[in-house]
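In short: position in the sequence shown from 1, add 362, done, that's my numbering.
Glycine included, every Cβ here is placed at the ideal spot set by N, Cα and C.
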Amino acid sequence: MKYRAALAVLLAPLLLSACTTRAPQPAPAVDMVVSEPSDMLSPYGHFLAARHARLSFDYTAAADYYLKALSEEPRSGLLAQGAFLSLLADGRVPQALELAPVLRDNNPADHMARISVVTGAMLRRDYDSALRVVAEGPTSGIHSAFNPLIAAWAYAGKGEADRALEALGRLDRNPLFGGVHDHLKPMLLELLGRTREAEADYREALAKPERVGIRMADAYARFLERQGRANEARAIIAAQLKLNPDNGTLTRAERRLRSPSSNVAPMIGNANEGFAESLLAAATAFGRNDGGELTELHLQLALALRPDLDDARVTLADIYESRKQWDRAIQTYGKVLPDGAFADVAQLRIAWCMNEDGNHDAAVRMLRKIARDRRSDPRPLITLGDLYRQMERWQEAANEYTAAFERIPVIENRHWILLFSRGITYERSKQWAKAEPDMLKALELQPEQPMVLNYLGYTWVDMNRNIDRATDMIRRAVALRPNDGAIVDSLGWAYYRVGRYDEAVVQLERAVELKGGDPVITDHLGDAYWKVGRRAEAQFQWRRALGLKPEAELEQQIRRKLETGLDPVAQK
Numbered sequence: 363m364k365y366r367a368a369l370a371v372l373l374a375p376l377l378l379s380a381c382t383t384r385a386p387q388p389a390p391a392v393d394m395v396v397s398e399p400s401d402m403l404s405p406y407g408h409f410l411a412a413r414h415a416r417l418s419f420d421y422t423a424a425a426d427y428y429l430k431a432l433s434e435e436p437r438s439g440l441l442a443q444g445a446f447l448s449l450l451a452d453g454r455v456p457q458a459l460e461l462a463p464v465l466r467d468n469n470p471a472d473h474m475a476r477i478s479v480v481t482g483a484m485l486r487r488d489y490d491s492a493l494r495v496v497a498e499g500p501t502s503g504i505h506s507a508f509n510p511l512i513a514a515w516a517y518a519g520k521g522e523a524d525r526a527l528e529a530l531g532r533l534d535r536n537p538l539f540g541g542v543h544d545h546l547k548p549m550l551l552e553l554l555g556r557t558r559e560a561e562a563d564y565r566e567a568l569a570k571p572e573r574v575g576i577r578m579a580d581a582y583a584r585f586l587e588r589q590g591r592a593n594e595a596r597a598i599i600a601a602q603l604k605l606n607p608d609n610g611t612l613t614r615a616e617r618r619l620r621s622p623s624s625n626v627a628p629m630i631g632n633a634n635e636g637f638a639e640s641l642l643a644a645a646t647a648f649g650r651n652d653g654g655e656l657t658e659l660h661l662q663l664a665l666a667l668r669p670d671l672d673d674a675r676v677t678l679a680d681i682y683e684s685r686k687q688w689d690r691a692i693q694t695y696g697k698v699l700p701d702g703a704f705a706d707v708a709q710l711r712i713a714w715c716m717n718e719d720g721n722h723d724a725a726v727r728m729l730r731k732i733a734r735d736r737r738s739d740p741r742p743l744i745t746l747g748d749l750y751r752q753m754e755r756w757q758e759a760a761n762e763y764t765a766a767f768e769r770i771p772v773i774e775n776r777h778w779i780l781l782f783s784r785g786i787t788y789e790r791s792k793q794w795a796k797a798e799p800d801m802l803k804a805l806e807l808q809p810e811q812p813m814v815l816n817y818l819g820y821t822w823v824d825m826n827r828n829i830d831r832a833t834d835m836i837r838r839a840v841a842l843r844p845n846d847g848a849i850v851d852s853l854g855w856a857y858y859r860v861g862r863y864d865e866a867v868v869q870l871e872r873a874v875e876l877k878g879g880d881p882v883i884t885d886h887l888g889d890a891y892w893k894v895g896r897r898a899e900a901q902f903q904w905r906r907a908l909g910l911k912p913e914a915e916l917e918q919q920i921r922r923k924l925e926t927g928l929d930p931v932a933q934k
């Protein structure tokens, strides 16, 4: 079937737990804005409305409903917890921080309450209070990772370098956060004035390419630039640009280094920025095993400490996109610094979200304007192509991709995806003579790219061309992605086309297990069953495929097969 269109935390807190270890104390009064309908509800009604809003990721409504309920039941730990987490997720961090101390007093093991209390202390430059949170709280589970982070930056804020380094060193032994330690240590050393040690750690970190991030590379380049070693800084950035040629942080660093300055700001300029960096690194390590909620909460705290941390902001916006919260994503991208590293990509993502939200014409106008303003940048045209391809406006998509190619002076390996995308649009618009060269060129640039191997192989099989080579390509794709139902389907269909029906059944049954809701795969399995004499099962699969809403052409074929069987029907 053709394609269309880092660390996990073992003890993530239960975000809506009502459990406490002490008798709940009344929550402090918190300013609130509550929608009018909520005044019609009882406290329990407010709670149910808040729960529903929170499960729908409508944090604004959830926070308002929780606050209304809490004003009527101020001793409820459950309502305080819900209000706190909803406020935090909604970016209303100052209000959330008002609730955090009571929640921590009621349950000292509540991770988000602890980390929020620390954030409040850091914002006040009250580093002793942050250290008391470490001294008074638990030490196991997630706290074993965050206690060293808190202590390291609190001691750094107090100017106690040895203690700061000793605290961060404990993180190196944590199996979940060893990479976070490697990321933060040279920046902490630099902040503490340990220049020689900082450089040694930067070099050691860069020697581990699997752990080197963009921010680490930029931090080291800034370090070298301040030392008057701009040529070495350029080499660091150039090496990273080969791997990430369109990354805004790197391209901005490259521009900065054309006129290097010893006054360039370090990545971390004070303890609060260091703790914000820690929260960003931790959020990245969490991933999105809980739908991104734990990541989201830490990013909001990072932004409270450092509002210019656009890495956190674009990650938040990406989470909103994944939930189809288009308005919230647009608002978040809109807060990206206009002269920052993510300014260009934020504008492209805003246009994409506008289109996803149904504002197609406005999205196209915005992308056209960006393309006019940035005449050498192919990305707005590529985004336009992706937009049209998603809408199955194949020729328009191909035109935009072709225009994007005109802005690319040299085709490199990384451009395989653009060739592949244009090849799809040509194939879908019945222009195989144009599609095939793009697919072959994409495969030349990325010989082991499973998507290209599968798409080109499947198309050849479906056209009854180059069957041996196509089957070999699909086998390679399956080896690379053995659990991809679409690719396994391609192998089954290749066997079917050459009459190896028993083998086709084996592969197609597995494909249906992997990707059971796909009408094409289900139809293929029905065809294979028919060929091996399993007629009743074939008709069952065809009926099931009809229920999966196939495209019109396939629907007609399936209905004919249900009436007359497979043999009189011309093969697809």
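C-alpha gap between residue i and residue j, whole angstroms
i	j	result
P628	D426	39 angstroms
N717	G878	29 angstroms
E806	T611	30 angstroms
R737	Q793	29 angstroms
K923	A415	47 angstroms
S400	K430	In this prediction, S400 has a pLDDT of 46, which is less than 50 and means its spatial position is unreliable; nothing more can be read from the coordinates.
P386	G519	Its pLDDT being 49, under 50, P386 is placed unreliably by the model, and nothing is read from it.
A759	L780	11 angstroms
E913	A839	26 angstroms
A615	D420	37 angstroms
R525	A560	16 angstroms
V707	A666	23 angstroms
Y814	A797	According to the sequence as given, residue 814 is Val; it is not Tyr. Roughly 12 angstroms between the two C-alpha positions.
Q811	E871	24 angstroms
V479	E460	9 angstroms
A567	L554	18 angstroms
L746	A412	39 angstroms
A423	L417	11 angstroms
A497	D490	10 angstroms
T383	A562	The predicted model places T383 with a pLDDT of 38, which falls under 50 and marks its position as unreliable; any figure quoted below should be read in that light. Computed Cα separation, rounded: 46 angstroms.
N826	D864	19 angstroms
R685	A691	9 angstroms
E635	F446	24 angstroms
Y517	R618	32 angstroms
Pick from the options that is closest to residue i, judged by C-alpha positions
i	options	result
F508	A567, L641, G439	L641
P669	S448, V455, G895	V455
E683	D701, G654, K697, L663	G654
D846	V860, T821, L876	L876
K1017	A873, E774, A907	For residue 1017 there is no data in the structure shown, the boundaries of the chain being 363 and 934.
V823	L842, V464, E810, I849	I849
L440	T422, S418, L410	L410
A705	P470, T613, E798, E810	T613
S623	A583, E658, I630, N721	A583
G927	R617, K893, R565, E810	K893
A600	R843, L527, R620	R620
N935	I836, L656, R827, L802	One cannot answer for residue 935 here, as it falls past the ends of the chain, which runs 363 to 934.
A523	D534, T501, L511, R556	R556
L842	P809, V882, A866, W688	P809
H722	D735, L749, L671	L749
H473	Q919, S502, A514	S502
A674	A458, A638, I920	A638
Proximity test, residue i beta-carbon vs the ligand ATP heavy atom, cut-off 7 angstroms
i	result
E806	In the structure shown, the ligand ATP is absent, as is every other ligand, since no ligand is present at all.
Residue i: first and last residue of the uninterrupted alpha helix (DSSP H) it sits in
i	result
N509	505-520
V626	No alpha helix (DSSP H) contains V626, which DSSP labels as neither H nor E.
K803	794-807
A615	610-618
M825	Looking at the DSSP string, M825 is not in any alpha helix (DSSP H), and its letter there is neither H nor E.
V772	Unbroken run through V772: none, as it is neither H nor E.
D534	It is not in any alpha helix (DSSP H) - D534 carries neither H nor E in the DSSP assignment.
P405	405-417
Which runs of the beta strand (DSSP E) spanning at least 3 residues fall entirely within the region 854-927, listed in chain order? none
Quick one: which unbroken alpha helix (DSSP H) runs of 4-plus residues sit fully inside the region 675-757? Chain order, please. 688-696, 705-718, 722-735, 741-752
Touch test, the region 737-746 against the region 699-713, Cβ-Cβ under 8 angstroms, three pairs minimum: Yes, since at least three Cβ pairs between the region 737-746 and the region 699-713 fall closer than 8 angstroms, the two stretches touch.
Is the region 751-764 close to the region 774-794, with three or more CB pairs under 8 angstroms? yes
Segment contact, 8 angstroms Cβ cut-off, at least three pairs: the region 696-703 with the region 725-736: no
Count the CB pairs spanning the region 442-452 and the region 480-500 that are closer than 8 angstroms, and state whether there are at least three. no
Please give the ranges of any alpha helix (DSSP H) in the region 545-592, keeping only runs that are unbroken, at least 4 residues long and fully inside the region. 557-568, 576-588
Spell out a yes or no on whether the region 827-841 and the region 855-863 are touching, meaning 3 or more CB-CB pairs, one atom from each, closer than 8 angstroms. The region 827-841 vs the region 855-863: in contact.
Assess contact between the region 641-650 and the region 534-554, defined as three or more Cβ pairs (one per stretch) separated by less than 8 angstroms. Is contact present? yes
I want to know whether the region 405-413 touches the region 434-445 - three or more CB-CB distances under 8 angstroms. Three or more pairs of CB atoms, one per stretch, sit closer than 8 angstroms, so the region 405-413 contacts the region 434-445.
Segments assigned beta strand (DSSP E), at least 3 residues, entirely inside the region 440-515: none
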